[in-house]
Amino acid sequence: MSNYHIKHLEEYYQVYRKSVREPEAFWEEIAEEHFLWRKKWDKVLEWDFSKPEIKWFEGAKLNITENCIDRHLATRGDKTAILFEPNNPEEGAEHITYKQLYHRVNQFANVLKDHGIKKGDRVCIYVPMIPELAISILACARIGAIHSVVFAGFSSKALATRINDSDCKMLITADGSYRGAKTIDLKGIVDEALESCPGINTVLVAKRINSDITMKEGRDKWLQPLLDAASNECAAEVMDAEDPLFILYTSGSTGKPKGMVHTIAGYMVYTAYTFKNAFQYRENDVYWCTADIGWITGHSYIVYGPLANGATTVLYEGVPSYPDFGRFWDIVDKHKVNQFYTAPTAIRALAKQGVELVEKYDLSSLKVLGSVGEPINEEAWHWYNDNVGKNKSPIIDSWWQTETGGIMITPIPYVTPTKPTYATLPFIGIQPCIMNEKGEELKGRQVEGRMCIKFPWPSIARTIWGNHQRYKDTYFSTYENMYFTGDGALRDEVGYYRITGRVDDVIIVSGHNLGTAPIEDAVNEHPAVAESAIVGFPHPIKGSALYGYITLKDAGESRMHDNLRNEINQLIADRIGPIAKLDKIQFTNGLPKTRSGKIMRRILRKIAEKDTSNLGDTSTLLNPEVVQDIMDKSL
Ligand code: PRX
1 MSNYHIKHLE EYYQVYRKSV REPEAFWEEI AEEHFLWRKK WDKVLEWDFS
51 KPEIKWFEGA KLNITENCID RHLATRGDKT AILFEPNNPE EGAEHITYKQ
101 LYHRVNQFAN VLKDHGIKKG DRVCIYVPMI PELAISILAC ARIGAIHSVV
151 FAGFSSKALA TRINDSDCKM LITADGSYRG AKTIDLKGIV DEALESCPGI
201 NTVLVAKRIN SDITMKEGRD KWLQPLLDAA SNECAAEVMD AEDPLFILYT
251 SGSTGKPKGM VHTIAGYMVY TAYTFKNAFQ YRENDVYWCT ADIGWITGHS
301 YIVYGPLANG ATTVLYEGVP SYPDFGRFWD IVDKHKVNQF YTAPTAIRAL
351 AKQGVELVEK YDLSSLKVLG SVGEPINEEA WHWYNDNVGK NKSPIIDSWW
401 QTETGGIMIT PIPYVTPTKP TYATLPFIGI QPCIMNEKGE ELKGRQVEGR
451 MCIKFPWPSI ARTIWGNHQR YKDTYFSTYE NMYFTGDGAL RDEVGYYRIT
501 GRVDDVIIVS GHNLGTAPIE DAVNEHPAVA ESAIVGFPHP IKGSALYGYI
551 TLKDAGESRM HDNLRNEINQ LIADRIGPIA KLDKIQFTNG LPKTRSGKIM
601 RRILRKIAEK DTSNLGDTST LLNPEVVQDI MDKSL
């Protein structure tokens, strides 16, 4: 038997060594013993980071939904697969068993087929956190269509860009969504987006808030009657290991969002294996990840990883603050949640509310606490550990990315001793290294630099949709023969890793990855704006927040600064989404530039961070005089 479930530290080291020395033999054994294949592979791994080309389990045939659903029916048919907790607690939870999930996914798959969706077609999913979101994802996978989920908080422009980039034929959405006490007019956003998406010929609309929406004749269809009329059996399409499973967009430091492409077999094997170990999931545990399925965390650790293990996964529709800030703990208590996975920004927001709301509930079911999405600060770590985990549930600070598909560096709970703010040790099969700016590897302990990965792991993204060159340039060109993560990291005296943050122009706001360039583009669209530079600054709840330095075409416009601030933020909300709004806007007389005209963001970042003691030599700038002025008026 392979080491599918690691139970102590010695075993971790032993399995880790094996996974690094004989990666192919290691992953072959895991794949062979724990998954359902229609045909086994011809070759476990083929790779070349210089092209880059990565193939896992080539020649194998499978369908991921048979692994996530069908194979559980005999032993877990009546077990809850998805436990849906609605926004409004009074509505009551819905338990969807594996058997019911099987039928609902198949019905949905038949509806897709009836509307002309075939293997390889792209389907955009813009659905809030309701069961139809997970079901539509699985329905696409059932018939071999490639899903592209767009977080249902993105604006119509952001949605349209993503639909067009991957040429989606169909859009799945809802009439609206609940967000605490508010409702959001999702269908209105969709209608606006689709004005510039000629490729979409069908829109399937799930009914959630019963709002009065307009349905475009011939294009828009209510989902439920179609599901009711469809057969609940649909044969799974037999797919190749390296066929794309999904596209998921992530921000780059420049240009339009990158559609990361994940393929079927490697992604399945790695997310399932990491889920089992990083959460120490045992049969009958109730697992809850609070992320939105619109992000990679939800794809891998609400949908695919848990279901591939036959787990019960909670899907929560709402926000942490509704009806009050005790809601997360109420849900943990009500459903006896065993593993709880959330983001530092949520922890900080909840910590601010005081412990009474935590103490009101029985959290004794909790065995494992997880953190993901951004560095967790020491204070938040201790609050989480003391008040939620009661010093007995290990915190797994798990570092990974949309591009990596699955967890890369993490403590294994009850196996790896934790250390606040450290993601600790690489997961099985992962070979991280720390590089300096000259391209040299920093070996040994107590080193700090940029984090790369030396060897492929099964769930690494294979390309950027429609732009393989950009994939190569972004991840494989900074350092030869290595995947460059874009993150800084240090390795301490015992070999533990701590992620120190992005080293590029990506800023993580409340766990959301935001590229500065698209935000600047939106700001610059305002007719009064001459140019702008966006940087991050520390924020007590969001981790980082956005600081915009904006030069106006006509400095005399200063009388209307507050109006301008609102207009600029509205423009950002329209172009990208409310998550990208600027917390601070400073109007400047100019931006510091190099002699070649490049904006010196490093200086602006330091000013925003209120760390001006070491600005470096500014005398070589094209316009050194603006620096003092910016500092004097800094917010
Ligand atoms: O900077 C790292 C940060 O989030 C980035 C990836 O963002 P995204 O692709 O949206 O995926 C987020 C969820 C997997 C990383 O490059 N990040 C993620 N997890 C951590 C983290 N930074 C520090 N500690 C973490 N645990």
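Every letter in the sequence shown is one number past the one before it in my numbering, and letter 360, counting from 1, is 360. For glycine and all other residues, C-beta sits at the position ideal for the given N, C-alpha and C.
Judged by DSSP secondary structure, E94 falls within the beta strand (DSSP E) whose first and last residues are E94 to T97. Using a Cβ distance threshold of 8 Å, I434 and G449 count as a contacting pair.
Straight-line measurement puts the Cα of R38 at about 5 Å from the Cα of L62. Taken in chain order, the complete beta strand (DSSP E) segments of 3 residues or longer contained in the segment 540-582 are 543-552.
Residue pairing by DSSP puts F537 in a beta bridge opposite A545.
When K367, W457 and D492 are compared, the shortest CA-CA separation from T404 is found for W457.
When the beta-carbon positions are compared, P394 and T418 come within less than 8 Å of each other. Residue state for G449 is assigned as strand, using DSSP reduced to three classes.
When the five nearest sequence neighbours on each side are left out, the beta carbons in the same chain lying within less than 6 Å of the beta carbon of W465 are those of S166, I247, G259 and V261, in order along the chain. The alpha-carbon separation between K40 and F57 amounts to approximately 8 Å. When rounded, the separation of the alpha-carbon atoms in G199 and G188 is 18 Å. Three or more beta-carbon pairs drawn from the segment 122-141 and the segment 170-180 are found closer than 8 Å, and the two stretches are therefore classed as touching.
D212 counts as exposed, since fewer than 16 other beta carbons sit within 10 angstroms of its beta carbon. For I143, the distance from the CB to the nearest heavy atom of ligand 1 is not below 7 Å. By the Cβ neighbour-count rule, P306 is buried, with 16 or more other Cβ atoms within 10 Å of its own.
Excluding the 5 residues flanking it on each side, I302 has same chain C-beta neighbours closer than 6 Å at C289, I293 and T313, in chain order.
Closest in alpha carbon position to K118, among C168, E132 and H526, is C168.
F328 places its beta carbon 8 Å or farther from that of L369. Distances taken from the Cβ of Q339 to the heavy atoms of ligand 1 include none shorter than 7 Å.
The three-state secondary structure of E28, taken from DSSP, is helix. Sequence-distant Cβ neighbours of Y471 in its own chain, meaning closer than 6 Å and more than five residues away, are T463 and I464.
Within the DSSP bridge table, the entry for I499 names A489 as partners. G406 places its beta carbon less than 8 Å from that of W400.
Membership of L159 in any beta strand (DSSP E) is not indicated; the residue belongs instead to the alpha helix (DSSP H) covering S156 to D165. For H335 and T65, the gap between their C-alpha atoms comes out near 26 Å.
In this structure, G373 is the residue among E10, Y249, E29 and G373 with its C-alpha nearest to the C-alpha of K542.
For A580, the shortest C-beta to heavy atom distance toward ligand 1 is 7 Å or greater. Less than 8 Å divides the Cβ of D78 from the Cβ of K99. Under the Cβ criterion (8 Å, minimum of three pairs), the segment 270-277 does not count as touching the segment 342-359. When the five nearest sequence neighbours on each side are left out, the beta carbons in the same chain lying within less than 6 Å of the beta carbon of Y178 are those of N87, in order along the chain. Excluding five sequence positions before and after A555, the CB atoms of its chain that fall closer than 7 Å to its own CB belong to N589, given in chain order.
The segment 197-277 contains, as complete beta strand (DSSP E) runs of 3+ residues, the segments 202-206, 220-222, 244-250 and 258-263 (chain order). Counted as a single uninterrupted DSSP element, the beta strand (DSSP E) harbouring K55 occupies residues E53 to E58. The three-state reading of DSSP puts I396 in strand, counting E and B together. The beta strand (DSSP E) runs lying completely inside the segment 355-434 and spanning 3 residues or more are 368-372 and 395-398, given in chain order.
Rounded to the nearest whole angstrom, the C-alpha separation of D397 and D562 is 40 Å.
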